[in-house]
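> Mind having a look at this structure? Questions to follow.
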Amino acid sequence: TPLREALARLAHEGALRSVPRIGYFVQPLTLEEFEQIYAIRPLLDPEALRLAGLPTRERIERLRKINEQIESEPDADAIINLDDEWHLELIKDCPNRVLMDLIHQFIRRTRRYEIALMREHRNVLVAGANHKAIMAALRRRDLDAACDALRTNLQTGYEPIAAWLRARETKEGV
Numbered sequence: 040t041p042l043r044e045a046l047a048r049l050a051h052e053g054a055l056r057s058v059p060r061i062g063y064f065v066q067p068l069t070l071e072e073f074e075q076i077y078a079i080r081p082l083l084d085p086e087a088l089r090l091a092g093l094p095t096r097e098r099i100e101r102l103r104k105i106n107e108q109i110e111s112e113p114d115a116d117a118i119i120n121l122d123d124e125w126h127l128e129l130i131k132d133c134p135n136r137v138l139m140d141l142i143h144q145f146i147r148r149t150r151r152y153e154i155a156l157m158r159e160h161r162n163v164l165v166a167g168a169n170h171k172a173i174m175a176a177l178r179r180r181d182l183d184a185a186c187d188a189l190r191t192n193l194q195t196g197y198e199p200i201a202a203w204l205r206a207r208e209t210k211e212g213v
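Counting from 40, one number per residue, gives the positions in the sequence shown under my numbering.
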């Protein structure tokens, strides 16, 4: 059934734990898991951008419009969807389908953690500024600088999320 397939996919992605003959349970957010999965996208996305090459002016304009929506959107879930849309639009022309599949997988795996990040408006503003730096490098036709700025963008969220998780684990006595 579609529900069973969705639950199995969420279990495969680490969001749920399956207990045979009992059911599914939500996996807690942990600093250990976060540190392991969050370090990967700053490696994958810049390579996808490098392989995609410099985008057209039209694509840069689409990125600018999505970024404006991100900066003005009040809802954290909508911001995360828009941020994912922005990043996927940026690397849309990557010819390596395996790399793109990995990026999609890690987008799904980090989503639970990014909800905590995007609830704070200052983090949304930082993401927007980082996106502008990437677009500025692309307008200058400097792919290396854009890849570096993309790596920085993907690493920027690490400390706020890690601090939130540390505080949560300390509070819960984990």
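Here a beta-carbon is modelled for each residue, glycine too, at the ideal position from N, C-alpha and C.
Can you tell me the Cβ-Cβ gap for Pro81 and Arg190, rounded? I've got them flagged as a contact below 8 Å.
Pro81 to Arg190, Cβ: 5 Å. Contact.
> Alpha carbons only, please: which of Arg148, Ala172, Ala166, Glu86 is nearest the one belonging to Gly53?
The candidate whose alpha carbon is nearest that of Gly53 is Arg148.
> Of the choices Phe145, Arg151, Met174, whose alpha-carbon is the least far from that of Glu97?
Measuring from the Cα of Glu97, the nearest candidate turns out to be Met174.
> Whole angstroms is fine: what's the gap from Arg151's alpha carbon to Val58's?
So the alpha carbons of these two residues sit roughly 21 Å apart.
> With distances taken from CA atoms, which of Ile76, Pro94, His126, Thr95 is nearest Ile109?
Closest by alpha carbon: His126.
> Taking its Cβ as the centre, do 16 or more other Cβ atoms sit within 10 Å of Ala117, making it buried, or is it exposed?
By the neighbour-count rule (16 or more Cβ atoms within 10 Å), Ala117 is not buried but exposed.
> By DSSP's criteria, Ser57 is part of a beta bridge. Which residues make up the other side?
Looking at the DSSP assignment, Ser57 forms a beta bridge with Tyr63.
> Can Ile130 and Ala87 be called in contact, C-beta distance under 9 Å?
The answer is yes: Cβ separation under 9 Å.
> Return yes when the Cβ of Thr69 is within less than 9 Å of the Cβ of Glu208, no when it is not.
Against a cut-off of 9 Å, the Cβ pair of Thr69 and Glu208 comes out as a contact.
> From the DSSP output, in three-state form, read off Gly196 for me.
Of the three classes helix, strand and coil, the one that applies to Gly196 here is coil, per DSSP.
> What three-state label does DSSP hand Asp220 in the structure shown?
No answer is possible for residue 220: the residues shown for the chain start at 40 and end at 213.
> In its own chain, which residues sit with a C-beta less than 7 Å from the C-beta of Leu193, not counting the 5 before and 5 after it?
Cβ within range, chain order: Arg80, Pro81, Asp84.
> For Leu164, does the count of other Cβ atoms within 10 angstroms reach 16, so buried, or fall short, so exposed?
Its Cβ having fewer than 16 others within 10 Å, Leu164 is exposed.
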